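Numbering (the numbering used here), first residue to last: 23 to 484. Glycine included, C-beta positions come from ideal geometry on N, C-alpha and C. All values derive from a computational prediction rather than experimental measurement. Here the structure is laid out as structure tokens; the discussion comes afterwards.
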RNA sequence: GUGGUUGUAGCUCAGUUGGUUAGAGCGCCUGAUUGUGGUUCAGGAGGUCGUGGGUUCGAGACCCAUCUUCCACCCCA
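Given below as structure tokens:
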């Protein structure tokens, strides 16, 4: 009996063409990460649930994919009890959930740092490119399985790292030719504002509402605050922040005055000022006081990258977390990191037509298979070409010529070599150029020369 | 989690107010052409109409449930 093929909601297959494009993006990201001193690591797809829960805020926790244990509690009961239980419940699913799929790469990384602290050197800088899973409802640019490309540094609270990360964003997106805006804010500033308004205990509710400013407008934000029980004073405060205009310098000055009573807030303003003053003046970096970011663990700078030309969520995000490792028992270790959303970057690049031609990466020459002897003979010649870095393959079966030629066409292979019994005897092999239809009879040496000297430059012009 | 939307051949889609045997294009297979492809021509295979119920003499079409697709909200990469 056959099963209708289908995929779990929010997951996708990746075809070769897609993968080649994804690898194009990944190659650029890896190159940039390495250039700034980050080394690769990986962590398991699953973690113990306790590792993940409580780190992502209320909403985030709901989206963590729990893995049900195979061991059902029911199985541990005696038959008599099972019967009794089945009478009460139609179905039985209270398996203990011991593991969960990773929700992001940052929290597993914090766990990794603590657990492997004896084998790494601080400040530790790693990059990590792996899928993460979220039990979200899929929509445009949103999947249940998607790749994050993270770079993080732990073990230093130096603001030089903030500058590095801004530049990494700038450089990576410039290499990809994706126009972006990098938004920056600072949790300390948000905390300072909350402190000034006397609502420090409700920072998250406050920032979540503030974050929606550009979407629902000032009145919308005020309405949400009202609904959540914030008084008029808070709503007025938001109004003042929303009303701030001018250069980054002027905005910072105004905020500084507004929250002058908060030491934390002042520190945040200083940090923001440092980053803005010392980064590349050409960097597409802009201060955005409404930027909040939902993840609970951020404590300092926070970043978000958007592609203004495409109506999609953010393509990147990150920030500083002063004590994420503390929950795993290692205190006083500040970290900072950023993430690139591979799948969204792909969608943006696709929409903007930014992918280079990926065809040229395919096979350069296909050997037609005329039979067992001929196929084996061809394979040896193909191997000689492979040793010379020429992408070559032999059609594995001695199928009809039509089918083999068709295969070459479909895969966009520019050359085929035909070696039948005649050619084997004479040592003169037929090389055919598929686009022009031209064919020549070449000796082994001539053939090797042809593909090492001409083929790559030849290809692409037709 | 809330609201909407979608599902018919491998793919993209037609299918009238419910009415005989569900169609097209592309793709696939075979042949014209036993060792020369793209074009052309002739023929062929392929469908539990997402799934399960229901209404009806009769359902691809109507109703309910469920899964899936896409979109918006929430939130996020």
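- A distance of 8 Å or more separates the beta carbons of residue 358 and residue 81.
- Excluding sequence positions up to five before and after residue 255, its CB lies within less than 8 Å of the CB of 219, 220, all in the same chain and listed in chain order.
- With a cutoff of 8 Å on beta-carbon distance, residue 170 and residue 443 are scored as not near each other.
- Just measuring C-alpha positions, the residue of 266, 31, 421 sitting nearest residue 168 is 31.
- Excluding five sequence positions before and after residue 240, the CB atoms of its chain that fall closer than 8 Å to its own CB belong to 260, 261, 264, given in chain order.
- Around the beta carbon of residue 61, fewer than 16 other beta carbons lie within 10 angstroms, which makes this residue exposed.
- For residue 361, the uninterrupted beta strand (DSSP E) run begins and ends at 357–363, by DSSP.
- When only Cα atoms are considered, residue 290 and residue 34 end up about 41 Å apart.
- Exposure of residue 457 is indicated by the presence of fewer than 16 other C-beta atoms within 10 angstroms of its C-beta.
- If you look at residue 54, you'll find it isn't in any beta strand (DSSP E); it sits in the alpha helix (DSSP H) that goes 38–57.
- Distance between residue 416 and residue 423, taken at the CA atoms: about 13 Å.
- If you compare the alpha carbons of 208, 387, 402 with that of residue 413, the shortest gap goes to 387.
- Only residues of its own chain outside the window of five on either side were considered, and among them 43, 44, 47 have a CB closer than 7 Å to the CB of residue 368, listed in chain order.
- Nearest C-alpha to residue 127 among 375, 401, 138, 69: 69.
- Boundaries of the alpha helix (DSSP H) around residue 130: 128–137.
- Here the C-alpha atom of residue 275 lies approximately 26 Å from the C-alpha atom of residue 252.
- Counting only runs of 4 or more residues that sit fully inside the stretch 197–256, the alpha helix (DSSP H) segments are 209–218, 225–233, 235–249, in chain order.
- In the three-state DSSP reduction, residue 63 falls in the coil class, being neither helix nor strand.
- For the pair of segments examined, the stretch 330–347 was found not to touch the stretch 227–236: the number of CB pairs separated by less than 8 Å stays below three.
- By the CB criterion at 8 Å, residue 273 and residue 309 fall inside the cutoff.
- Excluding five sequence positions before and after residue 410, the CB atoms of its chain that fall closer than 8 Å to its own CB belong to 470, 473, 474, given in chain order.
- Inclusion of residue 438 and residue 427 in the CB contact set at 8 Å is warranted, their separation being smaller than that value.
- The residue from 385, 225, 374 with its alpha-carbon nearest to that of residue 434 is 385.
- Shown here for residue 71: same chain residues with a beta carbon closer than 8 Å to its own, the five before and five after excluded, namely 86, 88, 119, 120, 121, 122 in chain order.
- DSSP places residue 175 inside the beta strand (DSSP E), whose first and last residues are 167–176.
- With respect to residue 337, residue 375 sits apart: the two C-beta atoms are not nearer than 8 Å.
- Residue 51 and residue 59 have their C-alpha atoms some 13 Å from each other.
- In the structure shown, residue 75 falls within a coil segment according to DSSP collapsed to helix, strand and coil.
- The beta carbon of residue 39 is closer than 8 Å to those of 380 in its chain, skipping five residues each way along the sequence.
- Around the C-beta of residue 49, fewer than 16 other C-beta atoms lie within 10 Å, and the residue is accordingly described as exposed.
- In terms of Cα proximity to residue 372, the closest of 464, 270, 200 is 200.
- Note that the C-beta distance between residue 77 and residue 129 is below 8 Å.
- Shown here, residue 474 sits in a helix according to DSSP, grouped into three states.
- Around the Cβ of residue 465, a 10 Å sphere holds fewer than 16 other Cβ atoms; the residue is exposed.
- The beta carbon of residue 326 sits closer than 6 Å to the beta carbons of 205, 313, 336, 339 from its chain, once the five residues preceding and following it are set aside; these are given in chain order.
- Residues 334, 335, 366, 369 of the same chain have their beta carbon placed closer than 6 Å to that of residue 163, with the five preceding and five following residues left out of the count.
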